[in-house]
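A short write-up of the structure that comes next.
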Amino acid sequence: MIRVPLAGRTGVRKHGQTLSVPLFRHEVQERKDAMESSVEYHRPGSLSEACDLLYHLGADALPLAGGTDVMVDLRRGLKRPSHLVSLADLHELREISLENGELRIGALVTPAQIEASKEVNVSRPELMDAVGVFGTPQVRRRATVGGNLCTAASCGDLAPLLMALGARVVVATPEGARDLSLVEFFGDHRKTVLEPGHLLAEVVIPARVTGEGAAYRAFGLRATNFITVAGVAAYLRVD
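Heads up: the sequence shown begins at 59 in our numbering, then just goes up one per residue.
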């Protein structure tokens, strides 16, 4: 049973304490959905706390980021977790930065943030090819990079281009961070190598080199706001 009140601008319950954090409309809806499914809602305050919590709760826990896929699956009964672990307070995963030429994108960054990012426009403008066809504007403001990759759907728009660019991911675990290529990260359709207690924390795209270029094109059954049927990414480097 969910353990947080749902009235107005209330706080959130966390380890037996009530915090003075106001609820936004989508958070109220998340909790209503959780209540209807008899799911216990958790809201850790740090990445390490989230990993420890997910590890101890095991396979019955589901991390919740943007919720654009997860909440649909819950309503359809495709997933029936006993626990939802909100990542809403993991603010360190909402950052985009350039470090030694590498573009680092936090797992909770939205496609809309990427579209507006000066760092992305300067270092990897080809990412606009993928985020520009990523659902509707509303979805682009709500979905997350990490959530899209962890869904591991064959129709995902981000993975093909990121793989073509040689991107890797940083996975946080209770034992520390793991650095994996995207090829290593994906298992099969809708499967990744993530285990209980593991969270995708960051996507790292290598520094641009002279003479390289990349592009992505998506194809659907209508002209706009379509679900991708086929997506093609290409990478070229001229020596």
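Beta carbons are placed, not taken as given, at the ideal position from N, Cα and C, and that holds for glycine.
The model shown is predicted, which means the values in this text are computed figures rather than measured ones.
Would you identify the three-state DSSP class for residue i, choosing helix, strand or coil?
i      : result
PHE284 : coil
LYS249 : strand
ASP127 : coil
SER181 : helix
LEU223 : coil
ASP215 : coil
ARG295 : strand
VAL136 : Reading off the sequence shown, one finds Leu at residue 136, where the question assumed Val. Coil, per DSSP.
LEU240 : helix
VAL298 : It is not possible to answer for residue 298, since the shown part of the chain is limited to 59 through 297.
VAL167 : coil
VAL189 : helix
VAL79  : Below a pLDDT of 50, predicted positions are generally treated as unreliable, and VAL79, at 39, falls in that range; no measurement from the model is reported.
List the residues that DSSP assigns as beta-bridge partners of residue i.
i      : result
PRO121 : VAL143
GLU150 : GLU150 is not bridged to any residue.
ALA235 : ALA230
GLU160 : GLU157
VAL290 : ARG275
Write down the C-beta distance between residue i and residue j rounded to the nearest angstrom, noting that I regard them as a contact closer than 8 Å.
i      : j      : result
PRO121 : VAL143 : 5 Å
ALA235 : VAL229 : 7 Å
LEU219 : LEU185 : 7 Å
ALA210 : THR250 : 5 Å
HIS256 : SER212 : Their Cβ separation, rounded to whole angstroms, is 22 Å, which puts HIS256 and SER212 out of contact at 8 Å.
ARG152 : ALA170 : Between ALA170 and ARG152 the Cβ distance is about 12 Å, and since that is not below 8 Å, they are no contact.
In terms of residues, what are the limits of the beta strand (DSSP E) holding residue i?
i      : result
ALA272 : 270-277
ALA262 : This sequence places Val at residue 262; Ala is not what is there. Start and end: 257-263.
Can you give the Cα-Cα distance for residue i and residue j, rounded to whole angstroms?
i      : j      : result
LEU148 : ILE163 : 14 Å
ALA310 : GLY124 : One cannot answer for residue 310 here, as it falls past the ends of the chain, which runs 59 to 297.
PRO195 : ASP297 : 38 Å
VAL203 : LEU105 : 16 Å
ALA291 : ASN206 : 17 Å
ALA108 : VAL267 : 36 Å
ALA117 : PRO254 : 6 Å
VAL227 : TYR113 : 20 Å
LEU238 : PRO232 : 16 Å
ALA165 : GLY271 : 24 Å
PRO190 : LYS176 : Note that residue 190 corresponds to Gly in the displayed sequence, not to Pro. Cα to Cα, GLY190 sits roughly 16 Å from LYS176.
LEU136 : ASP127 : 11 Å
ILE285 : PHE244 : 21 Å
ARG280 : LEU111 : 42 Å
TYR293 : ALA265 : 14 Å
LEU161 : ILE172 : 11 Å
SER140 : LEU252 : 18 Å
GLY214 : ARG133 : 21 Å
LEU156 : LEU145 : 23 Å
PRO183 : ASN158 : 17 Å
GLU242 : PRO102 : 28 Å
Starting from residue i, trace the alpha helix (DSSP H) in both directions and tell me its first and last residue.
i      : result
HIS114 : 105-115
VAL267 : Here VAL267 belongs to no alpha helix (DSSP H), and DSSP marks it neither H nor E.
THR209 : 203-209
ARG101 : No alpha helix (DSSP H) contains ARG101, which DSSP labels as neither H nor E.
Can you determine whether any heavy atom of the ligand SAM sits closer than 7 Å to the C-beta of residue i, and answer yes or no?
i      : result
ARG152 : In the structure on display, the ligand SAM does not appear, and there are no ligands present to speak of.
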